[in-house]
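Please read the structure below before turning to the comments.
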Amino acid sequence: MLLAPPPAPQSIEAGPITAGSIVGALPFKDTMSIVRLNGSTLIAALTHGLTGWGSYGWFPQVAGLRVYHRDGTFLAASLLRGGVEAPLNPATRYTLVTTDLISGGFDGYVVVSKGGQILLSNGMPLDQALMEVVQAAGTISPVTESRIVNCATIKCPATAAQAPFAKVCCA
35 MLLAPPPAPQ SIEAGPITAG SIVGALPFKD TMSIVRLNGS TLIAALTHGL TGWGSYGWFP
95 QVAGLRVYHR DGTFLAASLL RGGVEAPLNP ATRYTLVTTD LISGGFDGYV VVSKGGQILL
155 SNGMPLDQAL MEVVQAAGTI SPVTESRIVN CATIKCPATA AQAPFAKVCC A
C-alpha cells in the first residue's frame, strides 16, 4: 500500500474509535485504487515521496514494504512478507493499493499515473474502508513496524535492536 497523508493529519488516539476520529484522520474523500507497476516505477514513486521528508502532503506511508532513506534521500526498498524482507526488483511487476490521487498523478506522483496500469479506480472511500475494518475487528492493537527507516538515525555498527537495518544503513 502507498498513501500520502493529508496536510495536517489528526491521530486516532487510544480508546474507542469513532466515525468522527476516522474522518479527522482521513478528512479528504480519497478512494482506493489498485495499480500494477514495475519495481522501477514504484522506486521512482517512493523516491519522489521522500522529497516530502519532514513535511506533510506527499511523504509516503506504506504497508507491506520497508523503505530506507537518509534524511529524505532514497536508499533502498524491500517487500515484506511474513517477516522476511526481499529487495524490490526493478523489473518485477507489483500490484498495490493506493489512493485515487496518487494513481491519478497528484502530489507529484506523475510516475504512477504514467507508468502504472490502473486496475481499479475510484474504489471504496478510505474512511469507509477503515470504518469497516474497525467494526469487523472490534479491537485494534496497532504496532510500529519500522516500515520507513531513516538511516541517519542508525548508529553504525548497529545495536542489536537496529541490526535488521544494518545491511542497508551501515553499508
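Our numbering runs 34 ahead of the 1-based position in the sequence shown. C-beta: ideal position from N, C-alpha, C; glycine also.
- prompt: Three or more beta-carbon pairs under 8 Å between the segment 51 to 62 and the segment 121 to 130, yes or no?
  reply: When Cβ pairs closer than 8 Å are counted between the two stretches, the segment 51 to 62 is seen not to touch the segment 121 to 130, the count staying below three.
Distance between beta carbons of residue 152 and residue 218, contact taken as under 8 Å: Any question about residue 218 goes unanswered here, given that the chain covers just 35 to 205.
- request: Pull up the DSSP beta-bridge partners for residue 166, would you.
  value: Beta-bridge pairing links residue 166 to no other residue.
message: Cutting at 8 Å between CB atoms, please list the residues of its own chain near residue 133, excluding the five before and the five after it.
response: A distance below 8 Å between beta-carbons, with the five flanking residues on each side excluded, links residue 133 to the following residues of its chain, in chain order: 37, 38, 64, 65, 66, 67 and 160.
- prompt: Between residue 98 and residue 113, which are expected to be in contact by the criterion C-beta below 8 Å, what is the C-beta distance as a whole number of angstroms?
  reply: Yes, residue 98 and residue 113 are in contact; Cβ-Cβ is about 7 Å, under 8 Å.
message: According to DSSP, is residue 46 part of a helix, a strand, or is it coil?
response: The answer is coil: DSSP assigns residue 46 none of H, G, I, E or B.
message: Buried or exposed, going by whether 16 or more other CB atoms sit within 10 Å of the CB of residue 48?
response: By the neighbour-count rule (16 or more Cβ atoms within 10 Å), residue 48 is not buried but exposed.
- prompt: What is the C-beta distance between residue 85 and residue 149, in whole angstroms, given that I count them as a contact (C-beta under 8 Å)?
  reply: About 17 Å; that fails the 8 Å criterion.
field: CA-to-CA distance, residue 204 to residue 188, given in whole angstroms
entry: Cα-Cα distance, rounded: 8 Å.
query: Are residue 59 and residue 46 close, meaning C-beta to C-beta below 8 Å?
result: Taking 8 Å as the Cβ cut-off, residue 59 and residue 46 qualify as a contacting pair.
message: I need the DSSP call for residue 55, collapsed to helix, strand or coil.
response: DSSP, read as helix, strand or coil, puts residue 55 in helix.
task: Could you tell me which uninterrupted alpha helix (DSSP H) segments, each at least 4 residues in length, are contained entirely in the segment 111 to 190, listed from first to last along the chain?
output: Fully enclosed alpha helix (DSSP H) runs of 4 or longer: 134 to 137, 144 to 149 and 160 to 171.
- prompt: Alpha carbon to alpha carbon, what distance is there between residue 182 and residue 115?
  reply: Going by C-alpha positions, residue 115 is about 16 Å away from residue 182.
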